[in-house]
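Protein chains in written order, with the working numbering: chain L, -18 to 230; chain S, -18 to 230.
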DNA sequence: CTATGTCGGGAACGGTGTTCGTGTCAAATA
DNA sequence: TATTTGACACGAACACCGTTCCCGACATAG
């Protein structure tokens, strides 16, 4: 869309060339750069987000971006912050703290999954932006309201973030493979699971007795079910700390 | 070490040039390629492991590697498998199942940390090699011996692997930053933690009351302590499933 | 001694992030 | 109004990357 059209044809010299071909649509701001980078991310994955490609999408050269962004790393960080802004945090309700924790983890999962490939960035950077802080504050306040000891709650923030991010990251890898493979999502998944199942079944039963016997359990459940299980593991573990030190300690 | 020595100096033409400069030390096998790749990984990090660099370290050109390895992805996979071979699995003891699970997770953590940057690869690939299978079989047998329901145990294998890998991955990022930063490990960590602490303290208390109040708890604890906490969370959660369905169900 | 075939590797292709220096425009100044 | 100034845009280039093509050198077979 909005192609400037055949710029390889030289402009007539008599036409005063104050504008080579493209009018200055917009002044090229940091926000606009992040916009198109995110659009590119959602459409073609993280690998497509190169400085050159973003610049091209903006109708300019890669050098122009460095006036608004210090480099690729900062661009990724800005993208991550933008996405984090979409996460909604509930008002803490002491009676429902563990369910609220689950809901918030699901919300984080939902938002991250909507821009799945950003998880690769999220794994690779320590979040310090205002939106990341807002989420941390939210998780902390929910847990404290529920009577989770402060030290436990503080450590758990990282655990939840790490868990959600790692999960989406794994899913994004499958998406990338599927993109490279070409077929549809169901087609890809069916083939992948079939291969793994065959591999498990073909293992020598004397060396891998339990794996071979429990192929069914190992393969069962989709991504959502596994996410819920890990979340359950985490919250149950956390609840055991609260039970040990009831509420008002 | 074992530098071939100043190859930029042309060989005298009268010397019959049957061997340009370097004799064929060894026939260049897949194993040797993985060897030097791992050495490079430990010494300079994953980013230093490029096909060109590995070839150079072997005294040859990048094209030569493709006879023994299909590409960079396969090379990384071979490295991951090699590292996974170092993980030792205990003989299952039903009475100590949860402690054995902890020990195995620590062992995985130890081995992965020894080649920390491999975690980035480990996050990015679905392990299917024989050594990965051996570990999966080990974890599964420990949990089944302890009376963990098969479906729960099957799901938990992924959870443990994901947790350990993600944790080492985060640590490896700090190492990479430190490498880029230049200073010593303690110096870097002190500076990093100081910056984060200052940032937390400087937040507006009306918007981030809990974060500001609990800066101490948020910052306390090193990597090992946090790893143990997350592991504890996971195992406690798992134990709650076993208690719910005692042993023989 | 010649023919054959396998394998190593130099050179090249098309990409990447980043920097330098120049050119162009618009606003501020004289 | 004419001129200076300064900020911004960006073409070109540098040093890398993974991968492929293709040629030449070697060991072996005839």
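Note that beta-carbon positions come from the ideal geometry of N, C-alpha and C, so glycine has one too.
Bear in mind the structure is a predicted one, so any value in this text is a computation, not a measurement.
According to the DSSP assignment, residue 13 of chain L belongs to the alpha helix (DSSP H) that extends over 11 to 25.
A distance below 8 Å separates the beta carbons of residue 75 of chain S and residue 127 of chain S. Near chain L, meaning a CB-to-CB distance below 9 Å, the residues of the stretch 202 to 218 of chain S are 202, 206, 207, 210, 211, 213, 214, 215, 216, 217, 218.
When rounded, the separation of the alpha-carbon atoms in residue 109 of chain L and residue 100 of chain S is 23 Å.
Annotation for residue 123 of chain L: the continuous alpha helix (DSSP H) segment containing it runs 111 to 126. Among the residues facing chain S, residue 71 of chain L is not included, as its CB has no counterpart in that chain under 8 Å away. With respect to the 8 Å criterion, residue 124 of chain S and residue 78 of chain S are classified as neighbours on the basis of their beta carbons.
When the beta-carbon positions are compared, residue 191 of chain L and residue 88 of chain S stay at least 8 Å from each other. By the criterion of a C-beta distance shorter than 6 Å, residue 93 of chain S is surrounded in its chain by 100, 149, once the five residues flanking it on both sides are discounted. From the beta-carbon of residue 85 of chain S, no residue of chain L is found nearer than 7 Å; the closest lies around 14 Å away.
The C-alpha of residue 196 of chain L lies about 10 Å from the C-alpha of residue 180 of chain L.
In the three-state reduction of the DSSP assignment, residue 189 of chain S falls in the coil class.
Put simply, the CB of residue 44 of chain L is far from chain S, with every gap to its CB atoms at 8 Å or more. Interface criterion not met: the Cβ of residue 74 of chain L is under 8 Å from no Cβ in chain S. Annotation for residue 162 of chain L: the continuous alpha helix (DSSP H) segment containing it runs 131 to 162. Closer than 8 Å to the CB of residue 39 of chain S there is not a single CB belonging to chain L. The beta carbon of residue 156 of chain L sits closer than 7 Å to the beta carbons of 97 from its chain, once the five residues preceding and following it are set aside; these are given in chain order. For residue 192 of chain S, the neighbours in chain L by C-beta distance under 8 Å run, in chain order, 114, 117, 118, 121.
At least one C-beta of chain L is nearer than 8 Å to the C-beta of residue 140 of chain S.
Residue state for residue 183 of chain S is assigned as coil, using DSSP reduced to three classes. A Cβ-Cβ distance of about 11 Å is found for the pair residue 133 of chain S and residue 121 of chain S, leaving them out of contact under the 8 Å criterion. If you draw a straight line from the Cα of residue 221 of chain S to the Cα of residue 208 of chain L, it comes to about 18 Å. Distances from the CA of residue 10 of chain S to each of S:48, S:218, S:22 were compared; the closest alpha carbon is that of S:48. Under the Cβ distance rule, residue 104 of chain L counts among the residues neighbouring chain S, one pair being separated by less than 8 Å. Within 8 Å of the CB of residue 131 of chain S, the CB atoms of chain L belong to 195, 198, in sequence order along the chain. For the 8 Å CB-CB criterion, residue 83 of chain L and residue 212 of chain L form a contact.
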